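J.: Sending over a structure as structure tokens; questions will come in a sec.
Numbering (full-length UniProt numbering), first residue to last: 1 to 295.
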């Protein structure tokens with residue numbers, strides 16, 4: 001196929017005003033051309049989260065697609081399912097989901113640049129995912145709040161509190177997952193505001209892994225995080241995806257948070273994710289994120 005004809009088949013369908021687009025003309029089961037790969041990378045940075053509908057990838061095809069965006073990496077504490085190298089399995093039973101806002105794996109300095117998630121089994125209702133744009137959230141801050149955020153540093157850890165672990169559907173299963181998740185303790189210091197290495201945008205690093213702010217007492221830190229987080233999660237700053245089996249979502253983990261509501265009762269929901277290696281965030285004044293504690 002000529003590059004001109006190939007280009008005419010590639011199109012973008014926006015699904016939200018601040019983030020989110022469906023990309024057409026991509027069959028990720030087949031080898032992708034350089035033009036298609038560039039298209040995917042460009043639209044990811046531009047739209048923050050992109051969707052490929054009804055791709056029905058297998059594990060190997062999923063890994064191949066992830067390599068378009070960088071080097072796939074294994075989760076720091078959770079083992080990949082048998083037969084895969086880098087997969088993180090999101091297999092929810094009894095209505096369990098990660099129903100709190102977060103950016104993936106911010107408890108390490110070089111957290112993933114992107115995440116590639118595919119749907120294997122979706123309940124007949126509910127089970128969607130919501131993404132929020134942390135760049136436009138920063139832009140929305142009033143100037144005095146920007147000035148405070150610009151100089152603040154957050155402490156992130158995998159030992160954090162979330163409703164995920166409080167869900168009472170199957171305590172033993174959740175306890176086993178939590179034990180594996182905490183099998184190695186990580187604590188990392190990030191700037192609250194980082195500079196995106198490709199777009200140059202300023203984005204907020206917050207979400208449920210944050211456990212404090214450097215130099216702030218707990219009460220004041222929690223209050224400030226809640227205020228900043230509110231700008232991220234305002235409805236106008238989000239997009240919701242209603243999954244169909246076979247769909248793929250790819251998000252820029254440097255410029256988004258996401259949330260999976262537990263709104264599907266006691267039904268099963270299964271997705272698989274691969275993340276790709278990220279860079280170490282840099283603050284507005286040029287300082288880098290760093291470990292506070294690592295195994």
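Glycine included, C-beta positions come from ideal geometry on N, C-alpha and C.
On a predicted model such as this, the values are computed, not experimentally measured, just so you know.
So, at 6 Å on beta carbons, what are the nonlocal neighbours of residue 115 in its own chain, with the 5 sequence-adjacent residues on each side left out?
T.: The beta carbon of residue 115 is closer than 6 Å to those of 104, 251, 253, 273, 275 in its chain, skipping five residues each way along the sequence.
J.: Considering just the uninterrupted stretch of the alpha helix (DSSP H) at residue 75, what are its terminal residues?
T.: Run containing residue 75: none; DSSP gives neither H nor E here.
J.: Who are the near neighbours of residue 92 in its chain, counting only those whose CB is closer than 6 Å to its CB and skipping five residues on each side?
T.: 269
J.: Check each candidate in 187, 34, 193 and name the one with the smallest Cα separation from residue 6.
T.: 34
J.: So what does residue 203 bridge to, in DSSP terms?
T.: 194
J.: Looking at the strands, I want to know which residues DSSP matches up with residue 13.
T.: 22
J.: Tell me whether residue 140 sits in a helix, a strand or coil according to DSSP, three-state version.
T.: Here residue 140 carries a helix assignment [DSSP, helix/strand/coil].
J.: In the DSSP assignment, find the alpha helix (DSSP H) that holds residue 232 and state where it starts and stops.
T.: Per DSSP, residue 232 belongs to the alpha helix (DSSP H) from 218-233.
J.: With DSSP as the reference, label residue 167 as helix, strand or coil.
T.: Summary for residue 167: the model assigns pLDDT 47, below 50, so the residue's position carries little reliability, and this model does not support an answer.
J.: Select from 177, 18, 208, 23 the residue whose C-alpha is nearest the C-alpha of residue 8.
T.: 23
J.: Give the straight-line distance between the Cα atoms of residue 363 and residue 101, rounded to the nearest whole angstrom.
T.: The chain is shown from 1 up to 295; residue 363 falls before or after that span and cannot be answered.
J.: Are the beta-carbon atoms of residue 18 and residue 189 separated by less than 8 Å?
T.: no
J.: Nearest-angstrom Cα distance between residue 40 and residue 67?
T.: Rounded to the nearest angstrom, the two C-alpha atoms are 12 Å apart.
J.: Distance check for residue 113 and residue 288, CA to CA, integer angstroms please.
T.: Those two C-alpha atoms are separated by around 15 Å.
J.: Less than 8 Å separating the beta-carbons of residue 88 and residue 78?
T.: For residue 88 and residue 78, yes; Cβs fall inside 8 Å.
J.: Give the C-beta separation of residue 107 and residue 156 to the nearest angstrom, bearing in mind that I take them to be a contact with Cβ-Cβ under 8 Å.
T.: About 5 Å; that satisfies the 8 Å criterion.
J.: Just confirm the distance between the C-beta atoms of residue 228 and residue 206, as a whole number of angstroms; I'd bet it's less than 8 Å.
T.: At roughly 6 Å, the Cβ-Cβ gap stays under 8 Å, so residue 228 and residue 206 are in contact.
J.: Whole angstroms is fine: what's the gap from residue 232's alpha carbon to residue 138's?
T.: Computed Cα separation, rounded: 8 Å.
J.: In this structure, how does DSSP classify residue 94 when only helix, strand and coil are distinguished?
T.: Unreliable placement is indicated for residue 94, whose pLDDT of 48 sits below 50; the coordinate value is still reported in the next sentence. DSSP places residue 94 in coil when its eight states are reduced to three.
J.: Along the chain, where does the alpha helix (DSSP H) containing residue 41 start, and where does it finish?
T.: 34-47
J.: Quick one: grab the DSSP three-state call for residue 157.
T.: strand
J.: Relative to the C-alpha of residue 238, which residue among 130, 221, 182, 186 is closest?
T.: Taking each of 130, 221, 182, 186 in turn and checking the Cα distance to residue 238, the smallest one comes out for 130.
J.: Between residue 201 and residue 149, which are expected to be in contact by the criterion C-beta below 8 Å, what is the C-beta distance as a whole number of angstroms?
T.: That pair is no contact at about 14 Å.
J.: Whose CA, out of 282, 127, 193, 208, lies closest to the CA of residue 245?
T.: 127
J.: Cβ of residue 28 within 8 Å of Cβ of residue 10?
T.: no
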